[in-house]
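Comments concern the structure below.
2 protein chains.
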Amino acid sequence: MKQISSRDNPVVKNAAGLKQGKHRRQQKAFLLEGERAVRELKACPERVLHYFVQEEMFQKYQDILQTLGEERVYLTSDKVIKTICDTEHPQGIAAVVSMPEGDLQKVLQIRGLWLILNGISDPGNMGTIIRTARALGAAGLIYTHASVDPYNPKAVRASMGGILTLPVLGPVSVADLACLKESGMKLLGTQVTQGVPYYQADLKGDLLVILGGEARGMDRELISWCNQIINIPMNAGVNSLNAASACAIILSEAYRQRNDGII
Amino acid sequence: MKQISSRDNPVVKNAAGLKQGKHRRQQKAFLLEGERAVRELKACPERVLHYFVQEEMFQKYQDILQTLGEERVYLTSDKVIKTICDTEHPQGIAAVVSMPEGDLQKVLQIRGLWLILNGISDPGNMGTIIRTARALGAAGLIYTHASVDPYNPKAVRASMGGILTLPVLGPVSVADLACLKESGMKLLGTQVTQGVPYYQADLKGDLLVILGGEARGMDRELISWCNQIINIPMNAGVNSLNAASACAIILSEAYRQRNDGII
Numbered sequence: 001m002k003q004i005s006s007r008d009n010p011v012v013k014n015a016a017g018l019k020q021g022k023h024r025r026q027q028k029a030f031l032l033e034g035e036r037a038v039r040e041l042k043a044c045p046e047r048v049l050h051y052f053v054q055e056e057m058f059q060k061y062q063d064i065l066q067t068l069g070e071e072r073v074y075l076t077s078d079k080v081i082k083t084i085c086d087t088e089h090p091q092g093i094a095a096v097v098s099m100p101e102g103d104l105q106k107v108l109q110i111r112g113l114w115l116i117l118n119g120i121s122d123p124g125n126m127g128t129i130i131r132t133a134r135a136l137g138a139a140g141l142i143y144t145h146a147s148v149d150p151y152n153p154k155a156v157r158a159s160m161g162g163i164l165t166l167p168v169l170g171p172v173s174v175a176d177l178a179c180l181k182e183s184g185m186k187l188l189g190t191q192v193t194q195g196v197p198y199y200q201a202d203l204k205g206d207l208l209v210i211l212g213g214e215a216r217g218m219d220r221e222l223i224s225w226c227n228q229i230i231n232i233p234m235n236a237g238v239n240s241l242n243a244a245s246a247c248a249i250i251l252s253e254a255y256r257q258r259n260d261g262i263i
Numbered sequence: 264m265k266q267i268s269s270r271d272n273p274v275v276k277n278a279a280g281l282k283q284g285k286h287r288r289q290q291k292a293f294l295l296e297g298e299r300a301v302r303e304l305k306a307c308p309e310r311v312l313h314y315f316v317q318e319e320m321f322q323k324y325q326d327i328l329q330t331l332g333e334e335r336v337y338l339t340s341d342k343v344i345k346t347i348c349d350t351e352h353p354q355g356i357a358a359v360v361s362m363p364e365g366d367l368q369k370v371l372q373i374r375g376l377w378l379i380l381n382g383i384s385d386p387g388n389m390g391t392i393i394r395t396a397r398a399l400g401a402a403g404l405i406y407t408h409a410s411v412d413p414y415n416p417k418a419v420r421a422s423m424g425g426i427l428t429l430p431v432l433g434p435v436s437v438a439d440l441a442c443l444k445e446s447g448m449k450l451l452g453t454q455v456t457q458g459v460p461y462y463q464a465d466l467k468g469d470l471l472v473i474l475g476g477e478a479r480g481m482d483r484e485l486i487s488w489c490n491q492i493i494n495i496p497m498n499a500g501v502n503s504l505n506a507a508s509a510c511a512i513i514l515s516e517a518y519r520q521r522n523d524g525i526i
């Protein structure tokens, strides 16, 4: 274990920089804050570059550090922790985690139900969708350039550890997605009023489910590629549902179709 | 139309105070910010106590003010608007709206599917649940003391106007809910692993669906009152879903059972 007390230490500066997308892309890493999230790292300890633990909290978090390897631990002051963390009241523990690499070929290898997020702009929605996708058995998630970065601190928190285990690919352009269309995987678009109710669609097998952004919906080109359009029936005169809620409704129906009788 | 330029004007001070629950309860009013939300007031213009419009925006919002009645409009500076509003970049328009009154007898009059929120603590979740409940045909929503105030500014924003049209009752204690149990309405509890999958339950007719808080779930007493417990099947090893996402999944299935064949 090493000790850092200065906020000017380069390791601290690099970690604090991860609040910005530019630095996350340069360092190919992101920050995970708080006890619950750091405990999830047990699933992938090899991806942790550093831990930062507030000295007074060392006793409390000793079990985590023992499991995960003390050699990458920096003991710090609460000032340093506050500099690194994005939350107003950090819990005295944070980790710098490497981003996984991967391209769209992964979709063709893993197959199953993949989500394509085409312009989700709210980081809370992005994180909640990742959490839901992991809970409801999606194979992974692809996001286009118009979407918020899933490694944004708010998105990471809302994903409740999902960002560590769900395969997440992007950002990609709509043109990049042509290889998936050409592979013969079924493309399913979501719209507010067009198409058939989601529960009338076949959501089994290899499938790409596209969710548009909160304000503008799906790109026209993507709509034109879809094999089917689905909607969520709702009361007349209501604009739409929250994007993460809409995603949960569709993924839960897919989980039911894929697993009912098996559970 | 009147003009206000000072942040010390009592009308401004009262409106700015509405960020706090204490003042909302005292004034029996809450603040609605932004163009989209204020436009929703067309559904209930009688509930508006005042409008505040930034002078430079008057032209832009003239159509709203004409529809809604210019006599309750205050023209103000951007400083005054910023004092009143909760968002960092207000859109130059806000309204003070009276809270509706009502007690649990309303549930027995309206009937249908009512949600009971028993400890939802995140205002974004609260607002999203109100938005979803309105879209997916819930009759109304009741919240217990342990829940966040649905008139909290973040909750109001996330409800996307739903707070204006969905009947919302509370805060009530668990003991207050006994009258609903005794009325013979069916009580349906939600748990992570207990009970039957939500799609195997009958979600038609008069029904109270209880959602527990994000961290602690439902109160034990409420669990003991339930006629049935439902869960959302998901992958093993995953903690749970976001509360608003879980609510959307259950309400969408209820909407389907109640409307399929009719839509």
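Chains as they are written, first to last, in my numbering: chain A, 1 to 263; chain B, 264 to 526.
Note that beta-carbon positions come from the ideal geometry of N, C-alpha and C, so glycine has one too.
- Item | 8 Å Cβ cutoff met for Arg394(B) and Leu241(A) | yes
- Item | Rounded straight-line distance, which links the Cα of Leu211(A) to that of Lys186(A) | 14 Å
- Message: When you compare the CB of Asn505(B) with every CB in chain A, is at least one pair closer than 8 Å?
- Response: yes
- Quick one: is Ser173(A) buried, meaning 16 or more other Cβ sit within 10 Å of its Cβ, or exposed? exposed
- Message: Would Ala133(A) and Leu104(A) be called neighbours here (beta carbons separated by less than 8 Å)?
- Response: no
- Give the C-beta separation of Gly127(A) and Ala94(A) to the nearest angstrom, bearing in mind that I take them to be a contact with Cβ-Cβ under 8 Å. With 8 Å as the limit, Gly127(A) and Ala94(A) do not qualify as a contact, their Cβ atoms being about 17 Å apart.
- Separation of Asp260(A) from Asp326(B), as counted between CA atoms: 52 Å
- By Cβ distance, which residues of its chain are closer than 8 Å to Lys265(B), with the 5 residues on each side in sequence left out? Val336, Tyr337 and Leu338
- Partners in chain A for Asn415(B), counting only beta-carbon separations shorter than 7 Å: Per Cβ cutoff of 7 Å: no residues; Asn415(B) is ~16 Å from chain A at best.
- CB contact check: Ser515(B) to chain A, cutoff 8 Å: yes
- Item | Contact under 8 Å by Cβ, Phe52(A) with Ala15(A) | yes
- Query: Is Asn231(A) close to chain B, meaning its C-beta is less than 8 Å from at least one C-beta of that chain?
  - Reply: no
- Where the stretch 143-170 of chain A meets chain B: residues whose CB sits under 7 Å from a CB there: Met160
- For Thr350(B) and Asp271(B), the rounded distance between their alpha carbons: 20 Å
- Name the residue from Leu188(A), Asp176(A), Gly137(A) and Thr144(A) whose alpha carbon lies nearest to the alpha carbon of Gly500(B). Gly137(A)
- Going by alpha carbons, who is nearest to Cys85(A) out of Arg216(A), Pro153(A), Arg256(A) and Ser245(A)? Pro153(A)
- Message: Using only CA atoms, which one of Arg36(A), Lys13(A), Arg216(A) and Ile116(A) lies nearest to Asp176(A)?
- Response: Ile116(A)
- Message: Against chain A, does Tyr518(B) count as a neighbour if the rule is that its beta carbon must be under 8 Å from one of theirs?
- Response: yes
- Task: Check distances from the C-beta atoms of the stretch 474-499 of chain B to those of chain A and list, in chain order, the residues that come in under 8 Å.
- Result: Ile495, Pro496, Met497 and Asn498
- Can a CB atom of chain B be found closer than 8 Å to the CB of Asn259(A)? yes
- How is Pro413(B) classed by DSSP in three states: helix, strand or coil? coil
- Item | Span of the alpha helix (DSSP H) around Ala16(A) | Pro10 to Gly17
- Task: Give, in chain order, every residue of the stretch 121-143 of chain A whose Cβ lies closer than 8 Å to some Cβ of chain B.
- Result: Gly124, Thr128, Arg131, Thr132, Arg134, Ala135, Leu136 and Gly137
- Any beta-carbon of chain A closer than 8 Å to the one on Val301(B)? no
- Item | Proximity winner among Gln317(B), Ser508(B) and Asp465(B), relative to Ile267(B) (alpha-carbon distances) | Gln317(B)
- Task: Use the C-beta contact count for Asp453(B): other C-beta atoms within 10 angstroms, 16 or more gives buried, fewer gives exposed.
- Result: Residue identity differs from the one stated: residue 453(B) is Thr in this sequence, not Asp. Buried, since its Cβ has 16 or more Cβ neighbours within 10 Å.
- Is the Cβ of Val238(A) closer than 8 Å to any Cβ of chain B? yes
- Message: Given this structure, state the Cα-to-Cα distance separating Cys226(A) from Ile129(A), to the nearest angstrom.
- Response: 21 Å
- For the alpha helix (DSSP H) holding Gly390(B), just list the boundary residues, first then last. Pro386 to Ala398
- Rounded to a whole number of angstroms, what is the C-alpha to C-alpha distance between Gly468(B) and Asn502(B)? 31 Å
- Message: Please classify His408(B) as buried or exposed, where buried requires at least 16 neighbouring CB atoms within 10 angstroms.
- Response: exposed
- Per-residue burial, Leu427(B) [other beta carbons within 10 Å of its own, 16 or more giving buried]: buried
- Message: To the nearest angstrom, how far is the alpha carbon of Asp78(A) from that of Arg479(B)?
- Response: 29 Å
- Task: Verify the CB distance criterion: does Ala464(B) have a CB-CB separation below 8 Å to chain A?
- Result: no
- Task: With 7 Å as the C-beta to C-beta threshold (strictly closer), list the residues of the stretch 343-371 of chain B near chain A in chain order.
- Result: none
- Contact under 8 Å by Cβ, Leu188(A) with Leu208(A): yes
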